[in-house]
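Residue numbers (my numbering): 1489 to 1962.
(1) Check whether the segment 1767-1787 and the segment 1817-1827 touch, using three or more Cβ-Cβ pairs below 8 Å as the test.
(2) Answer yes or no: do residue 1903 and residue 1783 have a C-beta to C-beta separation smaller than 8 Å?
(3) Quick test of your reading: residue 1827 and residue 1761, contact by CB under 8 Å. State the CB separation rounded to the nearest angstrom.
(4) Measure the beta-carbon distance from residue 1538 to residue 1544 and round it to whole angstroms, keeping in mind my assumption that it falls under 8 Å.
(5) Give the list of continuous beta strand (DSSP E) stretches no shorter than 3 residues that lie fully inside the segment 1738-1809.
(6) Quick test of your reading: residue 1529 and residue 1586, contact by CB under 8 Å. State the CB separation rounded to the nearest angstrom.
(7) For residue 1618, which residues of its own chain have a beta-carbon under 7 Å away from its beta-carbon, when the five flanking residues on both sides are left out?
(8) Kindly list the residues whose CB is nearer than 6 Å to the CB of residue 1531, restricted to its own chain and excluding five residues on each side of it in sequence; keep chain order.
(9) Between residue 1656 and residue 1739, what straight-line distance do the alpha-carbon atoms span, to the nearest angstrom?
(10) Would you identify the three-state DSSP class for residue 1957, choosing helix, strand or coil?
(11) Going by Cα to Cα distance, which pick from 1526, 1625, 1754, 1788 is closest to residue 1637?
(12) Looking at residue 1747 and residue 1651, is the spacing between their C-beta atoms short of 8 Å?
(13) Report the partner residues of residue 1648 according to the DSSP bridge assignment.
(14) If you count every other CB in all the chains shown that lies within 10 Å of the CB of residue 1731, and 16 or more means buried, which is it?
(15) Looking at the secondary structure, which residues open and close the beta strand (DSSP E) in which residue 1568 lies?
(16) Please identify the residue among 1724, 1728, 1667 whose C-alpha is closest to the C-alpha of residue 1706.
(17) Are residue 1790 and residue 1850 touching if we call contact CB-CB under 8 Å?
(18) Please name the residue in 1743, 1518, 1811, 1895 whose C-alpha comes closest to that of residue 1720.
(19) Mind checking residue 1491: buried by the 16 CB within 10 Å criterion, or exposed?
(20) Taking its Cβ as the centre, do 16 or more other Cβ atoms sit within 10 Å of residue 1661, making it buried, or is it exposed?
(21) Give the list of continuous alpha helix (DSSP H) stretches no shorter than 4 residues that lie fully inside the segment 1675-1748.
(22) Excluding the five sequence neighbours on either side, which residues of its own chain have a C-beta within less than 7 Å of the C-beta of residue 1919, listed in chain order?
(23) Rounded to the nearest angstrom, what separates residue 1829 and residue 1733 at their Cα positions?
(24) Using only the alpha-carbon positions, how far apart do residue 1772 and residue 1559 sit?
(25) Distance, Cα to Cα, residue 1765 vs residue 1723?
(26) Touching or not, the segment 1625-1644 and the segment 1589-1606, by the rule of three or more beta carbon pairs under 8 Å?
(27) If the criterion is Cβ atoms closer than 8 Å, does the pair residue 1646 and residue 1751 meet it?
(28) Tell me which same chain residues have a C-beta within less than 8 Å of the C-beta of residue 1911, skipping the five on either side of it?
(29) Taking the straight line between their C-alpha atoms, what separation do you get for residue 1932 and residue 1846?
(30) Taking all protein chains shown into account, decide if residue 1737 is buried (16 or more other Cβ within 10 angstroms of its Cβ) or exposed.
(31) Run through DSSP, which three-state label would residue 1515 get?
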């Protein structure tokens, strides 16, 4: 349903311009900030070109700005001519549209607050995808999950893993994507807490509970990760598989898997897995376990630091789980891919050192910010070592990539490591090992340089087309 709504809104926003021929103006539909970059893209499916464009006030219908259209970027996809329409110099609040040739854009807003509320708006999707109790349905689903596969226990052993989030408007559930999403939610609150509000209860229903909604959502994720990692030697990678795609139904009627309403729960074995005719290319456990470790570490750090959840035992649990997950990752270095049955619908993740770099950096931050916590730089050294193994995420600059091949697409480990090193360079370095001070202490700019190289590779591709698209097609 969510996908249908997005498609309808997308089509509606361009109905006006479709009626005007074969040219369109693509805008930022949220609007533009007063002093920020303001660019739209004009594109045409015929040989038409333009030399200028105008900005029109929606109230007076008067032209308030006319500018040269600039460079013709030429062919892009189905379009024969494309231009970037830059009106950044215009800094007056209001509602406007753009006109270039025969094309007229939808109306948009220019104001300082055009992005206000968007952080919380994004959380609506997360709540909509909740498994277990779903606040959109005001009902529960997938409460019978699930039965185990590939673990040290007997296959079909029941384990309670209800909760978490459905994947992407279907009902599959993955530890790797959920742990990554949980980390992003926690990181967003840590770094930008003032943009989030409290309008929902922990269960996602309307109300206030004194906790930012982004943390309620993060805790929904972290509590499910605890279920997917119930003991130090048991970790699970996914619930359900591509049999999920066999038909449309409401979540609580999910019975495609041969055991009533239970669904299969796949163990992180570190070895290739095959259910139908498709074998995945799993080589280890680090890509999934590393994501668990960073999520648990940041959860402990934040919940202890801000005291938002008054559950001491749970906070200690996150601390222990972070180390357990990190150690689980070390047992079988390599990637864990997902399992499929009916089609080659596999999350074909091919890298893992980025996950371990982030995990090590997160462990360092957790330890030094815990009561009596000390770290002589051991985890920072580990993070730096992983950073050297993959300086640039491999998709950067590439034309194509496999499904989830380089997930999570950006290496947050570089960010966390560089940020922590920057903060330490201003201090005396007391308590850190000589090895750390000799090899890593002044390397923040080196790490940042890896980002710069990757961004340059993307920009080298992006600058050649009017949409500035430099990411590969998946």
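Even glycine gets a Cβ: it sits at the ideal position worked out from N, Cα and C.
In this structure, then:
(1) Touching, per the Cβ criterion.
(2) no
(3) Taking the Cβ atoms as the reference, residue 1827 lies roughly 5 Å from residue 1761, within the contact range of under 8 Å.
(4) About 15 Å separates the two Cβ atoms, so there is no contact after all.
(5) Taken in chain order, the whole beta strand (DSSP E) runs of length 3 or more contained in the segment 1738-1809 are 1752-1755.
(6) Not confirmed; about 10 Å, so no contact.
(7) 1653, 1692, 1708
(8) 1512, 1567, 1570
(9) Residue 1656 and residue 1739 have their C-alpha atoms roughly 13 Å apart.
(10) coil
(11) 1754
(12) no
(13) BP columns for residue 1648 are empty, so no partner.
(14) Classification for residue 1731: buried.
(15) Here residue 1568 belongs to no beta strand (DSSP E), and DSSP marks it neither H nor E.
(16) 1667
(17) no
(18) 1811
(19) For residue 1491, the predicted structure reports a pLDDT of 42, less than 50, and the residue's modelled location is therefore unreliable. The matter cannot be settled from this model.
(20) buried
(21) Complete alpha helix (DSSP H) runs here, min 4: 1701-1716.
(22) 1862, 1864
(23) Taking the Cα positions, residue 1829 is about 11 Å away from residue 1733.
(24) Rounded to whole angstroms, the separation of the alpha carbons of residue 1559 and residue 1772 is 49 Å.
(25) When rounded, the distance between both Cα atoms is 24 Å.
(26) no
(27) no
(28) For residue 1911, where only same-chain residues beyond five positions count, there are no Cβ hits under 8 Å.
(29) 15 Å
(30) exposed
(31) Shown here, residue 1515 sits in coil according to DSSP, grouped into three states, outside any helix or strand.
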